[in-house]
Amino acid sequence: MTDDTTALGPRLERLKLRHLQLLDQVMQCGSLSAAAQQLGISQPAATKMLHELEAAFGHSLVTRTPRGARLTPAGEHALERIRIALGSLSTARATMGEAQDRPLVRLGLLPLVGIGALGPVVKALQRQGDMPRLILRTDTIQGLLDLLVRGEVDAVVGGLDGEWVPKNMHQLDVVTLWQLSLAVVAAKDHPLTRCPSVSWAQTLDHDWVLMPHGSSSRRTVERSFLAAGLAPPPACIETASFHIGLDLAANTRLLAVVPNEAYEKNRSRVSRLPMIDPFPASHIVWVTLRGVPTLPAVKTLANAFAAYAGQLAT
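The sequence shown begins at 3 in the numbering used here and counts up by one.
Here it is, written out as structure tokens:
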């Protein structure tokens, strides 16, 4: 008797790219007919493809509902891996189309990491002759991890703290690189710079430049105010760029939160407020997908970031 694993092999081999795209479209559109329309095929053809897909995986992947269709738990798990495959295929096609002679790495990067770390890492790779071609994507940490899970980036360098757990943590391999400290900065002539120490309550009389909701730095700010028994301040200006926040603080009466490293490089433009209760440090981490083979160029980049972290530690 042929076991199930052996029997599934030929069925999987007969699947085409459109079979995989179908499951993704059902998830996005919420119905088989809408998914068929997106793929430019008839509904009977989509139904046949779904049956072939389920036969290949050996599980029911889609269930019909009064409002259309949704993925079963097995379908959701399958789609997690299928999206990685679709993302990799799309990247492979783009790489071949541009005829590059160096490997491509798609890196999700928090803006705060790009301020100090990326330059030394790239410089080291160039010196070693190992510099890949990089496509950088910036977002909040959860946004970057979502890109990773969908196969749209190969790795993420982002910030995590001890109190927030990503929704897709079970899919991730996380390696701590270094600690990051944040500072509250203001213009050199800001009234708070004349205080020997500043409480969180004092800052509520002033407007803030803050990172978007869901970002690691925004959560750090919110927790600091809550720990002091205060409601976090709203953002007068919200931006994902620490560079913009720092420039606004230097030229206005706004307060901004920036990495200490960014402050040190701009001491002539802004002052760091002497907070009574400074921000807790967060961890900068290297994140890849669990159970997915790592490309050599991605390993090279990971080693370069690890070497940079080692230099910070010494």
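Idealized CB from N, CA, C, for every residue including glycine. The structure presented is a predicted model; accordingly, all values stated were derived computationally and were not measured.
query                                                                                                                                                                : result
If you follow the alpha helix (DSSP H) that residue 143 is part of, which residue opens it and which one closes it?                                                  : 143-151
Would you mind reading off the limits of the beta strand (DSSP E) that contains residue 189?                                                                         : 184-189
Using 8 Å as the Cβ pair cut-off and three pairs as the minimum, do the segment 267-278 and the segment 207-225 touch?                                               : no
Expressed to the nearest angstrom, what Euclidean distance is found between the alpha-carbon atoms of residue 188 and residue 286?                                   : 25 Å
Buried or exposed, going by whether 16 or more other CB atoms sit within 10 Å of the CB of residue 261?                                                              : buried
Once DSSP output is grouped into helix, strand and coil, what is the label at residue 35?                                                                            : helix
Go to residue 70, then tell me how far its beta strand (DSSP E) extends in each direction, as first and last residue.                                                : 70-73
So does the segment 208-217 actually touch the segment 290-303, counting three or more Cβ pairs closer than 8 Å?                                                     : no
Taking the alpha carbon of residue 146 as the point to measure from, which residue in 35, 242, 42, 134 has its own alpha carbon closest?                             : 242
Rounded to the nearest angstrom, what separates residue 195 and residue 220 at their Cα positions?                                                                   : 22 Å
May I ask which residues mark the beginning and end of the beta strand (DSSP E) holding residue 288?                                                                 : 284-291
For residue 182 and residue 283, which I take to be in contact (beta-carbon distance under 8 Å), what is that distance rounded to the nearest angstrom?              : 6 Å
In the DSSP assignment, the beta strand (DSSP E) including residue 261 goes from what residue to what residue?                                                       : 257-261
Here's the rule: buried if 16 or more other CB atoms are within 10 angstroms of the residue's CB, otherwise exposed. What is residue 134?                            : buried
Compare the Cα-Cα distances from residue 22 to each of 236, 235, 85, 143 and report the closest residue.                                                             : 85
In the DSSP assignment, what residue or residues form a beta bridge with residue 154?                                                                                : In the DSSP output, where bridge partners are listed per residue, residue 154 has none listed.
Can you look up residue 374 in the DSSP assignment and give me helix, strand or coil?                                                                                : Any property of residue 374 remains undetermined from this structure, which presents the chain solely from 3 to 316.
Output yes or no for whether 8 Å exceeds the beta carbon distance between residue 110 and residue 263.                                                               : no
Applying the criterion that 16 or more other CB atoms from any shown protein chain within 10 Å of the CB defines a buried residue, is residue 192 buried or exposed? : buried
Ends of the beta strand (DSSP E) at residue 64?                                                                                                                      : 64-67
Please check the pair residue 24 and residue 51, which I expect to be a contact at CB under 8 Å, by giving their CB distance rounded to whole angstroms.             : 5 Å
I need the straight-line Cα distance from residue 49 to residue 34, nearest angstrom please.                                                                         : 8 Å
Helix, strand or coil for residue 175, going by three-state DSSP, please let me know.                                                                                : strand
Identify the continuous beta strand (DSSP E) that holds residue 212 and give its terminal residues.                                                                  : 210-212
I think residue 250 touches residue 258, with their Cβ atoms under 8 Å apart; what is that distance to the nearest whole Å?                                          : 6 Å
As a quick exercise: from 60, 165, 174, pick the residue whose alpha carbon is nearest that of residue 80.                                                           : 60
Which first and last residues belong to the beta strand (DSSP E) in which residue 2 is found?                                                                        : The structure shown has nothing for residue 2, since the chain only spans 3 to 316.
What residues are listed by DSSP as bridge partners for residue 277?                                                                                                 : 200
Anyone know if the C-beta pair for residue 137 and residue 160 falls short of 8 Å?                                                                                   : no
Just how far apart, CA to CA, sit residue 185 and residue 281?                                                                                                       : 7 Å
Where do the N-terminal and C-terminal ends of the alpha helix (DSSP H) with residue 246 fall, by residue?                                                           : 244-253
Within its chain, find whatever has a CB closer than 7 Å to the CB of residue 248; leave out the 5 residues flanking it on each side and keep chain order.           : 187, 258, 260, 264, 268, 272
So, is residue 44 buried or exposed, given that buried needs 16 or more other C-beta atoms within 10 angstroms?                                                      : exposed
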